[in-house]
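Asker: Encoded as structure tokens, here's the structure I'll be asking about.
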Amino acid sequence: MIYTLTITITQTGFVTLALADFKEGIMPEREVELHIPGKFKDEPFFYFVIKNYDVMPFILEASFSTEMGWAIVRFEGENDELDRLFSFLEEKGVKIDYSIKE
Numbered sequence: 118m119i120y121t122l123t124i125t126i127t128q129t130g131f132v133t134l135a136l137a138d139f140k141e142g143i144m145p146e147r148e149v150e151l152h153i154p155g156k157f158k159d160e161p162f163f164y165f166v167i168k169n170y171d172v173m174p175f176i177l178e179a180s181f182s183t184e185m186g187w188a189i190v191r192f193e194g195e196n197d198e199l200d201r202l203f204s205f206l207e208e209k210g211v212k213i214d215y216s217i218k219e
């Protein structure tokens, strides 16, 4: 199988890597704002996402406190896997704003 690797370097030196199947082109992506309940404050939230779903989260902006947190995240992955992830998060009480990027 052949893959393409996309490397992005911002002006501040932040580097992101994206791996996609060459035959299917760039992976679908969705940029959303997550409103994360405080009950997740001691949980490895994004580690769980990476380990249990075939997606790549890119945290673009975030703020967390003991009461709650929010994050603007671009997720890359197949549409079925993104739908499965978002359904799970909503079931756990995470509010998702899909209107960030159309």
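Under our numbering, the letters of the sequence shown match residues 118 to 219, in that order. Note that CB positions come from ideal geometry on N, CA and C, so glycine has one too.
When DSSP builds the beta bridges, which residues end up paired with Pro174?
Answerer: Along the sequence shown, one-based indexing puts residue 174 at 57. The partner list for Pro174 (beta bridge, DSSP) reads Phe192.
Asker: Quick check on Glu193: buried or exposed, where buried means 16 or more other Cβ atoms within 10 Å of its Cβ?
Answerer: If you number the sequence shown from 1, residue 193 lands on position 76. Buried.
Asker: Could you give the DSSP three-state label for Asp159: helix, strand or coil?
Answerer: As a position in the sequence shown, residue 159 is number 42, starting the count at 1. Looking at Asp159 - three-state DSSP - the assignment turns out to be coil, as it is neither helix nor strand.
Asker: So Lys209 is in the beta strand (DSSP E); what residue range does that whole segment cover?
Answerer: Numbered from 1 along the sequence shown, position 92 holds the residue referred to as residue 209. Segment: none, Lys209 is in no beta strand (DSSP E) and carries neither H nor E.
Asker: One question on the structure: do Ala171 and Glu198 come within less than 8 Å of each other, judged by their Cβ atoms?
Answerer: Position 54 of the sequence shown, counted from the first residue, corresponds to residue 171. Position 81 of the sequence shown, counted from the first residue, corresponds to residue 198. Here residue 171 turns out to be Asp, not Ala, going by the sequence shown. Result yes, Cβ atoms of Asp171 and Glu198 sit closer than 8 Å.
Asker: Checking the sheet assignment: what are the DSSP bridge partners for Ile73?
Answerer: No information on residue 73 is available, as it lies outside the stretch 118 to 219 that the chain covers here.
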